[in-house]
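**Q**
Structure, rendered in structure tokens:
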């Protein structure tokens, strides 16, 4: 530790900006010209100690529990700490196991094996990133699944400061070979939800990155598009990967609203009628997202009028002609069966209303290959919720869309998707519909509780597993158990007052045990109110669904 403090001080005195910034994070009151004692104090603070003396007097291993843990447990703890942004815990673990810094592992809620640096950059947690690099983490290790470097993750987040830091530490600025075949510059520009930063792109290009057809299109760089097409003509019709619906550059130009890129691609011979995995042409993409100027360009360049275009552009003759060719085309399982889902993402309420009037189902389920995040049982209402399309939500609910449907990947309702996406207005609008009892608890809509129980009394004790087609970890949870776990004391009170049964978790723990372990004191008090203190809080037998 003394040697590390001296090395840190040496870097500060050499003018290393990263070392100085690390000092300010750990010890904000450090003097402008710090000495060794100041750096030692900062080092102790990073590790969760009040002073250098308390750090020196620590046990030889950070804790008894840690001393008894295996190397594998230390790796798991390191990854979890990096994911949470716990600088002190990361430092503590690396003090004890410095060789695990680049080990990969899995964490619940994440896909693929990743290093601590991947988890830290995925958030991102600046302090943990700085510490890991200071300790020698290798920035050129790929994760599994995305086959990405940490640089890909910070590029996706648009963090130019972290991009600079990683490139200064020797990371590969190109990053070819990732799962999406976008390279680092593509992660910074080409995903639908990413807004490209000109400054960031210029920095990457100046430090060795190279444009792909997708990054060139996403940034509207017509010169780069022409340069790529001159050396590789096939790239103007190159497909993106499945998670991006196998879109071609023309689709991406529409998604990114890049008129100049669209025109350039068409001039170079790109096919205006090419289809993505959802069966949508660039014209469909344009009209469904309200980009009528782009739509007009495509029509002028030979794009065929599709049903979605006819509906959006109010071309009644074309609508009649196309429907006459395939009267059942908008029904589930038919040619345009999922068009209502695509329309629900961005289209106006009028477009959604017209499609429903023509025969589309308000409860149509998407093809897993074209849904967000490859999610099965993803409905039009999920799509509208995710994008915050209030007009579409209102129309769908009015036409009978079911807000209780849970998709099969995360077991979430449309309200859950809206909440996760930060679309609070969309969530609240959905919560006015015929929601289930778990949504009333999750989103504090307890004023709906009696209404739900009046039409379905069995909902009071029905476990979550009966609502979800997937197999969630909490499938045993009744509404009461969910309220306890989520620390919803008022929900616990109301459910118990209406006769909710106390149940055990599959491992035998009572609800009171769970509340106590989680520190939910008010929930514990409510549970005790409804049970004689002298008897067990739960029956000893397991429920049939445990």
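Numbering (our numbering), first residue to last: 3 to 548. Just so you know, even glycine gets a beta-carbon here, dropped at the ideal spot from N, CA and C.
Which of the three DSSP states, helix, strand or coil, is assigned to residue 116?
**A** strand
**Q** Relative to the C-alpha of residue 242, which residue among 224, 261, 219 is closest?
**A** 219
**Q** Report buried or exposed for residue 490, applying the criterion of at least 16 other Cβ atoms within 10 angstroms of its Cβ.
**A** buried
**Q** Taking a contact to mean a Cβ-Cβ separation below 7 angstroms, would you say residue 1 touches residue 410 in this structure?
**A** Coverage of the chain is limited to positions 3 through 548, which leaves residue 1 absent and any answer about it impossible.
**Q** Quick check on DSSP: helix, strand or coil for residue 340?
**A** coil
**Q** From the DSSP secondary-structure annotation, give me the bridge partner or partners of residue 512.
**A** 506
**Q** From the DSSP output, in three-state form, read off residue 68 for me.
**A** Low local confidence applies: a pLDDT of 43 at residue 68 is under 50, so the model's placement there is unreliable, with the coordinate-based value given in what follows. Residue state, collapsed to three classes: helix.
**Q** What is the residue span of the alpha helix (DSSP H) that residue 86 lies within?
**A** 73-86
**Q** What's the C-alpha gap between residue 634 and residue 506?
**A** Outside the shown range of the chain, which is 3 to 548, sits residue 634, and nothing can be said about it.
**Q** What would DSSP say about residue 144, mapped onto helix, strand or coil?
**A** coil
**Q** Residue 95 and residue 119: beta carbons closer than 7 angstroms?
**A** No, the Cβ-Cβ distance between residue 95 and residue 119 is not below 7 angstroms.
**Q** Helix, strand or coil for residue 214? Go by DSSP, reduced to three states.
**A** coil
**Q** So, are the CB atoms of residue 289 and residue 314 less than 7 angstroms apart?
**A** yes
**Q** Once DSSP output is grouped into helix, strand and coil, what is the label at residue 89?
**A** helix
**Q** By the 10 Å Cβ neighbour count, where 16 or more other Cβ atoms means buried, how is residue 422 classified, buried or exposed?
**A** exposed
**Q** Where residue 279 and residue 393 are concerned, what is the direct C-alpha to C-alpha distance, given to the nearest angstrom?
**A** 26 angstroms
**Q** What's the gap between the Cα of residue 336 and the Cα of residue 356?
**A** Taking the CA atoms as reference points, residue 336 sits about 17 angstroms from residue 356.
**Q** How would you call residue 260, buried or exposed, if buried means at least 16 neighbouring beta carbons within 10 angstroms?
**A** buried
**Q** Is residue 25 closer than 7 angstroms to residue 44 when the C-beta atoms are compared?
**A** yes
**Q** Please tell me whether residue 1 and residue 156 are closer than 7 angstroms, where the distance is taken between their beta carbons.
**A** With the chain represented from 3 up to 548, any question about residue 1 goes unanswered, as that position is not in the structure.
**Q** Whole angstroms are fine: how far does the CA of residue 204 sit from the CA of residue 348?
**A** 31 angstroms
**Q** Out of curiosity, what's the CA-to-CA distance linking residue 187 and residue 406?
**A** One C-alpha to the other measures close to 39 angstroms.
**Q** Consult DSSP for residue 367 and reduce its assignment to one of helix, strand or coil.
**A** Assignment of residue 367 by DSSP, reduced to helix, strand and coil, places it in the strand class.
**Q** Nearest-angstrom Cα distance between residue 121 and residue 108?
**A** 10 angstroms
**Q** For residue 232, count neighbouring Cβ atoms within 10 angstroms of its own Cβ and tell me buried if that reaches 16, exposed if not.
**A** That one is exposed.
**Q** Taking 7 angstroms as the threshold (C-beta atoms), are residue 256 and residue 284 in contact?
**A** In contact: residue 284 and residue 256 (Cβ atoms closer than 7 angstroms).
**Q** Among 271, 216, 217, which one has its Cα closest to the Cα of residue 235?
**A** 271
**Q** Output the distance between the C-alpha atoms of residue 77 and residue 149, rounded to the nearest integer angstrom.
**A** Between residue 77 and residue 149, the alpha-carbon positions lie close to 20 angstroms from each other.
**Q** Going by C-alpha to C-alpha distance, which of 182, 480, 508 sits closest to residue 498?
**A** 480
**Q** Tell me the rounded alpha-carbon separation between residue 374 and residue 380.
**A** Approximately 8 angstroms, taken between the alpha carbons.
**Q** Quick one: which unbroken alpha helix (DSSP H) runs of 4-plus residues sit fully inside the region 215-261? Chain order, please.
**A** 215-220, 224-233, 251-257
**Q** Please report the straight-line C-alpha distance between residue 176 and residue 103, rounded to a whole angstrom.
**A** 24 angstroms
**Q** Do you know how far the Cα of residue 254 is from the Cα of residue 191?
**A** 11 angstroms
**Q** Which residues does DSSP pair with residue 435 in a beta bridge?
**A** Looking at the DSSP assignment, residue 435 forms no beta bridge with any residue, so it has no partner.
**Q** Excluding five sequence neighbours on each side, which residues of the same chain lie with their C-beta closer than 6 angstroms to the C-beta of residue 50?
**A** 90
**Q** Excluding the five sequence neighbours on either side, which residues of its own chain have a C-beta within less than 8 angstroms of the C-beta of residue 402, listed in chain order?
**A** 364, 365
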